[in-house]
C-alpha cells in the first residue's frame, strides 16, 4: 500500500522513465519485478525492463506492459540452469545447509559471467544512455546492477527484495541488524526467544552470510575496472548509494527489527487474489 501511494504521488508531477533490472533466474523474483513494473506503468510512468537470461525454462520476463530488452544467456550461465533444475532440485531436501551454500559458488560465478556479458553486449550501454532514465530499480540478490547504473549515470535508484530483509544487509540498507533476537533467514529455525546456544548459532549464521555475500565484491570490482569498462568507485560504496529499499515484508507478521526511513515495506504487492472479509473471531 505504501509503495502504491508513493507511486500515485508521481501522477501529479511529470511522468518518470524507469529502468528495471530483472534477470530471469527464478519465477518468484521475475513475477515480483514484473508486478512493480506494471504498477509503475499504471501510474502513467514509462518502464523499460532489462532482462538478462539465466534460466531458459522461464518463458516470460514477468511484466505484461513494460518494454523488455532481453540479453541472451552466456555459456557460463548454463551452469546456473543445470544447478537449479538438476542438482538443487534433487538434493535440496537431503543436503545440509553448509554444503548447499558452497554449491552456490558455481551459481554466483555464472551470474558474474552473465553480468560481464550484459555490460559488454554490443551497443547496449549507449542505447540505454540514449533513453535518459530518471530512476532505476533492482533486486539486491544480483550484484551487477549498481555498476550498470553507475555506467549509465543514473544517480537515483532503488533496491528491492522479493523477500524480507536478508542477513548481512547493511551494505545496501545502511541499517543495523540485531541477530541476538531476529532469526537468521539463511538458517535460523528459532523464534525470538533463544537459548544461549541458539543465539550463538544465529549469530554465526549471520556473520557467515555477511562473509558469503561480501567476498564477491572484489570480483565485481575487478570486472568493472577492466580496460573495457573502466569504473573507479568501490563496489560496496556503489551499493550503499541507493535512495530507497523496498522489501516484500509485512511488519505486522514479521519479526520486529530495526528500520530506517530508507526502508519501505511493500508486502503482498505481487499477490493478486484479493482479500476475504475477516470473521468475528
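Residue numbers (mature numbering (1 follows the signal peptide of the UniProt record, and there is no 0)): -15 to -1, 1 to 266.
Glycine included, C-beta positions come from ideal geometry on N, C-alpha and C.
Asked, Found
"Contact belief for residue 51 with residue 22 at Cβ below 8 angstroms, rounded distance in angstroms", "4 angstroms"
"Residue 6 (DSSP reduced to helix, strand or coil)", "strand"
"Distance, residue 239 Cα to residue 144 Cα", "20 angstroms"
"Any alpha helix (DSSP H) of 4 or more consecutive residues that is wholly inside the segment 233 to 258", "none"
"For residue 37, the three-state DSSP class (helix, strand or coil)", "strand"
"Sufficient close CB pairs (3 or more, under 8 angstroms) joining the segment 126 to 134 to the segment 231 to 248", "no"
"Within the segment 127 to 187, ranges of the beta strand (DSSP E) (whole runs, at least 3 residues)", "142 to 146"
"Residue burial classification, residue 27 (beta-carbon count within 10 angstroms, cutoff 16)", "exposed"
"Cross-strand partners of residue 231 (DSSP beta bridge)", "145, 249"
"Given 8 angstroms, three or more beta-carbon pairs between the segment 105 to 112 and the segment 200 to 209", "no"
"Residue 61 in three-state terms, based on DSSP", "coil"
"6 angstroms Cβ shell around residue 121 - same chain, five flanking residues per side excluded", "4, 134, 139, 142"
"Cβ-based burial, residue 16 [other Cβ within 10 Å; buried from 16]", "buried"
"Close-in-space but distant-in-sequence residues of the same chain around residue 98 (CB under 6 angstroms, 5 per side omitted)", "59, 61"
"Touch test, the segment 166 to 186 against the segment 226 to 236, Cβ-Cβ under 8 angstroms, three pairs minimum", "no"
"Whole-Å CB distance - residue 33 paired with residue 116, under 8 angstroms assumed", "6 angstroms"
"Coarse secondary structure for residue 55, derived from DSSP in three states", "strand"
"Closest by C-alpha distance to residue 92, when choosing among 165, 245, 197", "197"
"Local Cβ density within 10 Å of residue 264, reported as buried at 16 or more and exposed below that", "exposed"
"Residue 11 to residue 106 span [Cα, whole Å]", "22 angstroms"
"Top-ranked residue by Cα proximity to residue 63, from 55, 44, 39", "39"
"CA nearest to the CA of residue 245, picked from 232, 125, 237, 254", "232"
"Collapsed DSSP secondary structure at residue 29 in the structure displayed", "coil"
"In DSSP terms, what residue 95 is bridged to", "For residue 95, which the question treats as bridged, DSSP gives no partner whatsoever."
"Beta-carbon proximity of residue 90 to residue 8, cut-off 9 angstroms", "no"
"Range covered by the alpha helix (DSSP H) that runs through residue 225", "220 to 225"
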